[in-house]
Ligand SMILES: Cc1cc2nc3c(=O)[nH]c(=O)nc-3n(C[C@H](O)[C@H](O)[C@H](O)COP(=O)(O)OP(=O)(O)OC[C@H]3O[C@@H](n4cnc5c(N)ncnc54)[C@H](O)[C@@H]3O)c2cc1C
Ligand SMILES: Nc1ncnc2c1ncn2[C@@H]1O[C@H](COP(=O)(O)O)[C@@H](O)[C@H]1O
């Protein structure tokens, strides 16, 4: 029997849903293969999240609680993750693919001499290790990969698995942590633009995304209004983050975030492969674009060919009626 | 100051591709400088522009064919290059490249090593962090802005919520997003000059890596098409009518509003 360990990421005081998706999947894999499921929470208030994690049925929950984990910093996080790996000796250590995960995954793999597959959309255990599927070539196609060995790290795109609760009376193991400030050579000076009230795009149910077509003030106003009617997160194509019209953290796509909402409304976005790479897994895609040949229409469930300045006002009105 | 930029040659994802018997075939075989590495080169050039004593060197691990990519970086303005030669038919993963690069850097002196945040074709995003670990360097990934400040590299990185501003004491390593700049297009003069710039070739065997270090721990076993989406409906006509129709479809058919 081996141990399948999941990292429970905390961001803005909440458990990242992608971690629980991964834990759900890993527990199913463990049950099918006779393995043990465990989880680890590393945070300034780690113990606060234990009860919620128990709902997903790990046999053991490790916690590392220290004020140093208030903000993401790679040196202490790597040390803590290494400590948990020494303690739990996992065969597979799985992560939700957050920006913080991306920051440490390579370094952790090198430190632990582990095999690693990042940003997979599916994976399963095999006799030798794991087999995983990943989108490649700007998500135009999929590749199958295998990772071998007795230590394997894997990070999983958000929205890849459904949540599956199965409450357990998990054993909680608190691990002591200490690190010398002098061992942390990097200094975190500032965090700009963090807003815990903002809808987290990687978990949003509905996203309204704006592209170059909606670049001016009037376009932005319409986008804001549409998003507010639908209680949606706002996203952007690179054209708008690059132009400084929208915050860089809102970019969706290969460079930006990967999202998987129930509803994605692309407004004035052409549908370049690098944008589509981040949103093609949305359940329902609506595109509003004045160019009938725009590639976004190839993947849209509902395409409206038209000028967004003429389409959005009646669209917003109609949605308001429906919602009221 | 000495800047090293690790650059990779990758297939152009915009070129047409096909899958035959699980193999990936790119019709044009068009290879390019990884876009994220182009941003890393650009930023190194901008940061060292004012300082005559500084040097930007690019390092690439790859087959002979990859020399055109090295020339591209030299034509952009990098001062010199090292080409670590491979046959091109190895199945190296990020881990292998990181171990090769770590061996290369073992006896080098530098202030900053920069990498791309990920390869444009595989989106792995692992090599930079691995290399930092092997070389025991402070590092930051996914940089969207860089500044120099006596002895420190100030990195603005895109985090999960907001941008983290991190001071890294040199020597350090950073991986770059293409959100930090618009890489310059080499000028004709740059292209002419690049032909005379020093490019050192190193045979992979001569680096003295153990055979085991070259063994990848992961392997791609095949490629496949993505399951297609159901064909959608495209509406043209009066904006008011279309807006109303689609709003109702989202409500009644899809139940998503
Ligand atoms: C390595 C790499 C990574 C990248 N990563 C990303 C990424 O993460 N995210 C991303 O988005 N891009 C990314 N890109 C850039 C991508 O290739 C495109 O350039 C970008 O997505 C274009 O944005 P856009 O669709 O808003 O603009 P455009 O392509 O200019 O499209 C604008 C669209 O708006 C329509 N339009 C204009 N006016 C109106 C109107 N009044 N009403 C209706 N429609 C209108 C036009 O018909 C057009 O289709 C990346 C590129 C590279 C090379
Ligand atoms: N063969 C290589 N030669 C030089 N640098 C490389 C090579 N492979 C990866 N890198 C660096 O690592 C980054 C990508 O890492 P990854 O996404 O793990 O492939 C690139 O942007 C380069 O900076």
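Chains as they are written, first to last, in the numbering used here: chain A, 832 to 1155; chain B, 45 to 301.
Where a beta carbon is used, it is the ideal one built from N, C-alpha and C, also for glycine.
Residues that residue i contacts on chain A, provided the C-beta gap is smaller than 8 Å
| i | result |
| --- | --- |
| residue 279 of chain B | 1133, 1134, 1135 and 1136 |
| residue 35 of chain B | In this structure chain B extends from 45 to 301, so residue 35 of chain B is not present and cannot be described. |
| residue 202 of chain B | 930, 1079 and 1080 |
| residue 186 of chain B | 930, 933 and 934 |
| residue 168 of chain B | 949 and 950 |
| residue 290 of chain B | 1117, 1133, 1135 and 1146 |
Candidates the options, of which the one nearest residue i by Cα
| i | options | result |
| --- | --- | --- |
| residue 905 of chain A | B/173, B/214 and B/259 | B/173 |
| residue 125 of chain B | B/262, B/167, B/245 and B/225 | B/245 |
| residue 1016 of chain A | B/88, B/184, B/77 and B/64 | B/184 |
| residue 178 of chain B | B/63, B/112, B/145 and B/99 | B/145 |
| residue 20 of chain B | B/273, B/241 and B/247 | This structure leaves residue 20 of chain B out entirely; chain B is present only between 45 and 301. |
| residue 15 of chain B | B/271, B/299 and B/68 | The structure shown does not extend to residue 15 of chain B, since chain B is modelled only from 45 to 301, so the question has no answer here. |
| residue 965 of chain A | B/129, B/269, B/274 and B/210 | B/269 |
| residue 1106 of chain A | A/968, A/1007 and A/916 | A/968 |
| residue 274 of chain B | A/1033, A/1142, A/1128 and A/1124 | A/1128 |
| residue 995 of chain A | A/1032, A/946, A/944 and A/851 | A/851 |
| residue 1075 of chain A | A/868, A/1096 and A/1051 | A/1051 |
| residue 897 of chain A | A/1134, A/1009, A/1081 and A/943 | A/1009 |
| residue 926 of chain A | A/999, A/1025 and A/992 | A/992 |
| residue 320 of chain B | B/49, B/199 and B/105 | Residue 320 of chain B is absent from the structure shown; chain B starts at 45 and stops at 301. |
Chain B contact residues for residue i, given Cβ-Cβ distances below 8 Å
| i | result |
| --- | --- |
| residue 968 of chain A | 55, 57, 61, 68 and 165 |
| residue 850 of chain A | Ordered by position in chain B, no residue passes the 8 Å Cβ test against residue 850 of chain A, which lies about 12 Å from the chain. |
| residue 1061 of chain A | 301 |
| residue 1020 of chain A | 198, 209, 210 and 211 |
DSSP bridge partner residues for residue i (one or two, in chain order)
| i | result |
| --- | --- |
| residue 835 of chain A | A/868 and A/923 |
| residue 161 of chain B | DSSP, once it has assigned bridges, lists no residue as partnering residue 161 of chain B. |
| residue 267 of chain B | A/974 |
| residue 82 of chain B | Its beta-bridge partners do not exist; DSSP assigns none. |
| residue 988 of chain A | Residue 988 of chain A pairs with nothing; no bridge assigned. |
| residue 178 of chain B | Looking at the DSSP assignment, residue 178 of chain B forms no beta bridge with any residue, so it has no partner. |
| residue 211 of chain B | A/1018 and B/198 |
| residue 961 of chain A | A/956 and A/978 |
9 Å Cβ cutoff met for residue i and residue j
| i | j | result |
| --- | --- | --- |
| residue 937 of chain A | residue 949 of chain A | yes |
| residue 182 of chain B | residue 213 of chain B | yes |
| residue 1083 of chain A | residue 1068 of chain A | yes |
| residue 1156 of chain A | residue 876 of chain A | Chain A is shown from 832 up to 1155; residue 1156 of chain A falls before or after that span and cannot be answered. |
| residue 919 of chain A | residue 891 of chain A | yes |
| residue 900 of chain A | residue 873 of chain A | yes |
| residue 139 of chain B | residue 262 of chain B | yes |
| residue 908 of chain A | residue 940 of chain A | no |
| residue 952 of chain A | residue 987 of chain A | yes |
| residue 1035 of chain A | residue 1092 of chain A | yes |
| residue 1156 of chain A | residue 1098 of chain A | Here chain A comprises residues numbered 832 to 1155, so residue 1156 of chain A is not present and cannot be evaluated. |
| residue 1005 of chain A | residue 208 of chain B | no |
| residue 83 of chain B | residue 220 of chain B | yes |
| residue 912 of chain A | residue 856 of chain A | no |
| residue 1153 of chain A | residue 301 of chain B | yes |
| residue 1073 of chain A | residue 203 of chain B | no |
| residue 869 of chain A | residue 836 of chain A | yes |
| residue 92 of chain B | residue 45 of chain B | yes |
| residue 1081 of chain A | residue 1102 of chain A | no |
Classification of residue i by the beta-carbon crowding that lies within 10 angstroms, buried from 16 upward
| i | result |
| --- | --- |
| residue 52 of chain B | buried |
| residue 74 of chain B | exposed |
| residue 1131 of chain A | buried |
| residue 990 of chain A | buried |
| residue 1023 of chain A | exposed |
| residue 1061 of chain A | buried |
| residue 64 of chain B | exposed |
| residue 162 of chain B | buried |
| residue 62 of chain B | exposed |
Partners in chain A for residue i, counting only beta-carbon separations shorter than 7 Å
| i | result |
| --- | --- |
| residue 95 of chain B | Within chain A, no residue comes near residue 95 of chain B; the closest Cβ sits about 23 Å away, beyond 7 Å. |
| residue 270 of chain B | 972 and 973 |
| residue 273 of chain B | 1130 |
| residue 171 of chain B | 937 |
Chain B residues whose Cβ lies nearer than 9 Å to that of residue i
| i | result |
| --- | --- |
| residue 875 of chain A | Within chain B, no residue comes near residue 875 of chain A; the closest Cβ sits about 15 Å away, beyond 9 Å. |
| residue 1024 of chain A | 205, 206 and 207 |
Distance cut-off 8 Å: residue i Cβ against heavy atoms of ligand 4
| i | result |
| --- | --- |
| residue 912 of chain A | The ligand content of the structure shown is limited to ligand 1 and ligand 2, which means ligand 4 is not among them. |
Contacts that residue i makes with chain A (C-beta to C-beta distance below 9 Å)
| i | result |
| --- | --- |
| residue 223 of chain B | 1069, 1072, 1073, 1079, 1082, 1086 and 1087 |
| residue 267 of chain B | 967, 968, 972, 973, 974 and 975 |
| residue 177 of chain B | 909, 937, 938, 939, 940, 941 and 942 |
Where residue i meets chain B, residues with beta-carbon distance less than 7 Å
| i | result |
| --- | --- |
| residue 845 of chain A | The premise fails here: residue 845 of chain A is roughly 10 Å from chain B at the closest Cβ pair, so nothing lies under 7 Å. |
| residue 842 of chain A | 204 and 205 |
| residue 1149 of chain A | 287, 288 and 291 |
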